[in-house]
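Number of protein chains: 2
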Amino acid sequence: MDTRELRYFVAVADELHFGRAAQRLGIAQPPLSRAVSQLERRLGVVLLNRTSRAVTLTDAGAVLLHEGRMALDAMEAAEQRTRRAAAASAGDGGIVLAIKAGASAELLAKLLHAHAAEPGAVPVDVLLCGPAQQGPLLRTGSADVAVLHLPFDDTTGLDTDELVTEGQVVVLPSGHPLAAHRALRLGDLADVPGLPHPRWPRPDGSYPDGPGPEVRDHTQLLQLISLGRTLFVAPDSVRAQLRDDVVAVPVVDAPLVTTVIAWPPHSRSLAVAALVRTALRL
Amino acid sequence: MDTRELRYFVAVADELHFGRAAQRLGIAQPPLSRAVSQLERRLGVVLLNRTSRAVTLTDAGAVLLHEGRMALDAMEAAEQRTRRAAAASAGDGGIVLAIKAGASAELLAKLLHAHAAEPGAVPVDVLLCGPAQQGPLLRTGSADVAVLHLPFDDTTGLDTDELVTEGQVVVLPSGHPLAAHRALRLGDLADVPGLPHPRWPRPDGSYPDGPGPEVRDHTQLLQLISLGRTLFVAPDSVRAQLRDDVVAVPVVDAPLVTTVIAWPPHSRSLAVAALVRTALRL
DNA sequence: TCCGACCGATACCCGTGCGGTATCGGCCAG
DNA sequence: CTGGCCGATACCGCACGGGTATCGGTCGGA
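Protein chains in written order, with our numbering: chain W, 1 to 282; chain H, 1001 to 1282.
Laid out in structure tokens, this is it:
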């Protein structure tokens, strides 16, 4: 199977529309139709049910969409890591650590400090990324190690070690009535008048519908909270970054958040192994 | 990156010889040279150091060999699983379980029996394979679930659950002086006169050098043992399959063998999940 | 009921690029 | 110094991918 055919099929399966998929791929529609039916002929499997009004996935098509995405990720990972290996042996660039921007700041600082103190430590490039981006970055080879947070991030197919587990707090405007409580429950936060939950961008950049404000980063978020426009549930450790115009109140029934360090399962990099070892000693 | 170029590069990196690699791929040598240097140009990375007498891998080339193998496995897995998904929804064929031929026979029988008793159980095709083949079969999508044995099999990149842990025994001809012992150590078995360790075939079918007899399966092996030509160290559970012309003696310092059930980390198959659940209940 | 819009498939043409053969250039052995 | 080995280069023919034009089928609205 060819990557081209697979990329084409994934685009069609995503869009369920040959025209839009062709546009996304930057080609015309007829070659796309041809390539997909050629793939079906090669596999001997019907992947899509087409009518002139709708395109739907068959069971086999759903499998290929899922498995094919992994395979394309693996291809991209091979390419990225090869490029980075070449850059590394040319002397510039070290290993890349991906972490959600604004998360586990203190832990990250301690980790980088401890790592730098090791003899023969490889330089670490920190890649601050959006929510739930660390896993894909690892899987596509754009990063060598990542810090991620269960149960939010998906670790399937990655090797991990646990670093810390913590409860969650809700961050509220300091003047708000709820801020006076010693503890809260998720039910108390579901429909607070005037404090809707914020809306984060999806991977494709669009925002879900809802009443809350659209946010892109933590600075923006904290400002919106201090303005009394929204609230925010996050792990305990965000407290270290809060100023006194906002208040953190424990949420007793929020799921525990486990911070883990993760790497691709077949990693052979000694540098990654050393960094993980350092992290586990913290 | 194209699968064709990657397959070509992997072949050259394996053989470290363009001519042999071309032969293995079934093409002439010049297109192969061209494809590999085109890949290098596309990546902007030197993968091979060539002289007219020898070809060696660069660091980046070693990375691409490793990562590229994984990526090609993933591509093949996508293809295989799609084909099998189509066959499954056509009604024929169930999930494929890979297990080393002759290993954990009793456990396998219990598992299959328990699974068959479940309501709505999917049929299970058992794929008996050679040593250390289960991992690759899972990774290339030829199997959905496998039983493997630590520390012999490589589980990197697979999700696993432990089933049982057991010690090892040495299987000896019943008349042999060592057979009278209650327990033995690995050191006692290293150089037993007249009883060299058997030689198993490598994945490519060739045999390593050594004094022991070449063996291909357990029947052959047991026959050679009863003939007094070799001995064999294996997990406790092989005892169930022994006849009285051979004797099993515990090896006290042999590594413990853990039997695990494994599946690809991103498996979404409910049938696999059900089989794993059944296995854990045993 | 019919027309128009939408959507995927088909027909046909053109250019890129893959694979083949022939040959070159460098390197070690005898 | 020469023959043999090995990878690179040169050149050619054809298959295949991508483009435009068009068809066939289906739904919605007048």
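All C-beta atoms in this analysis are idealised placements derived from N, C-alpha and C, irrespective of residue type, glycine included.
Boundaries of the alpha helix (DSSP H) in which residue i is found, first to last residue
| i | result |
| --- | --- |
| H/GLN1168 | From DSSP, H/GLN1168 is part of no alpha helix (DSSP H) but of the beta strand (DSSP E) over 1168-1173. |
| W/PRO136 | 134-139 |
| H/LEU1242 | First-last for H/LEU1242: undefined, no H or E at that position. |
| H/ASP1307 | In the structure as shown, chain H starts at 1001 and stops at 1282, and residue 1307 of chain H therefore has no counterpart that could be examined. |
| W/THR278 | 270-281 |
Neighbour-count burial assignment, residue i, 16 or more Cβ in a 10 Å radius
| i | result |
| --- | --- |
| W/GLU76 | buried |
| W/LEU227 | exposed |
| W/GLU79 | buried |
| H/SER1206 | exposed |
| H/GLN1038 | exposed |
| H/ASP1144 | buried |
| H/GLY1141 | buried |
| H/ALA1035 | buried |
| H/ALA1190 | exposed |
| W/ARG53 | exposed |
| W/LEU146 | The sequence as given places Ala at residue 146 of chain W; Leu does not occur at that position. So W/ALA146 ends up on the buried side. |
| H/PRO1203 | exposed |
| H/LEU1138 | buried |
| W/GLY157 | buried |
| H/ARG1084 | buried |
| W/HIS113 | exposed |
| W/PRO264 | buried |
| H/GLN1133 | buried |
Where the beta strand (DSSP E) through residue i begins and ends
| i | result |
| --- | --- |
| W/LEU57 | 55-57 |
| W/VAL257 | 257-263 |
| H/PHE1232 | 1232-1235 |
| W/ALA248 | 246-251 |
| H/LEU1047 | Per DSSP, H/LEU1047 belongs to no beta strand (DSSP E) and is neither H nor E. |
| W/VAL124 | 124-129 |
| W/LEU96 | Reading the sequence as shown, one finds Val at residue 96 of chain W and not Leu. Run containing W/VAL96: 95-100, per the beta strand (DSSP E) assignment. |
Whole-Å CB distance - residue i paired with residue j, under 8 Å assumed
| i | j | result |
| --- | --- | --- |
| W/ARG81 | H/GLU1067 | 5 Å |
| H/ALA1248 | H/VAL1171 | 5 Å |
| W/ALA279 | W/LEU111 | 5 Å |
| H/GLY1167 | H/ASP1153 | 18 Å between Cβ atoms; not a contact. |
| W/MET70 | H/ALA1074 | 6 Å |
| H/VAL1122 | H/ALA1028 | Their Cβ separation, rounded to whole angstroms, is 47 Å, which puts H/VAL1122 and H/ALA1028 out of contact at 8 Å. |
| H/VAL1055 | H/HIS1017 | 6 Å |
| W/LEU150 | W/VAL276 | Going by Cβ atoms, the distance from W/LEU150 to W/VAL276 rounds to 17 Å, so no, they are not a contact pair. |
| H/LEU1221 | H/PHE1232 | 6 Å |
| H/ILE1225 | H/PRO1193 | About 16 Å separates the two Cβ atoms, so there is no contact after all. |
Helix, strand or coil at residue i [DSSP, three-state]
| i | result |
| --- | --- |
| H/ILE1027 | coil |
| H/HIS1149 | strand |
| W/GLU118 | coil |
| W/LEU189 | helix |
| H/GLN1155 | Per the sequence shown, the amino acid found at residue 1155 of chain H is Thr instead of Gln. It is coil, neither helix nor strand. |
| H/ARG1199 | strand |
| H/VAL1215 | coil |
| W/LEU184 | strand |
| H/LEU1163 | strand |
| W/PRO177 | helix |
| H/TYR1207 | coil |
| W/HIS17 | coil |
| W/HIS113 | helix |
| W/ARG34 | helix |
| W/LEU227 | coil |
| W/ALA11 | helix |
| W/ASP92 | coil |
| W/GLY68 | helix |
| H/ASP1073 | helix |
| H/GLY1194 | coil |
| H/ALA1143 | coil |
Would you call the segment 1235-1245 of chain H and the segment 1051-1059 of chain H in contact, with 3 or more CB pairs under 8 Å? no
Okay, do the segment 1092-1103 of chain H and the segment 1123-1140 of chain H touch, 3+ Cβ pairs below 8 Å being the bar? yes
For the structure I just gave you, are there three or more beta carbon pairs, one from the segment 1175-1184 of chain H and one from the segment 1244-1259 of chain H, closer than 8 Å? yes
Is there contact here, the segment 1213-1226 of chain H with the segment 1190-1204 of chain H, by at least three beta-carbon pairs under 8 Å? yes
For the segment 1021-1032 of chain H against the segment 39-47 of chain W, do three or more pairs of beta-carbon atoms, one drawn from each stretch, fall closer than 8 Å, so that the two count as touching? no
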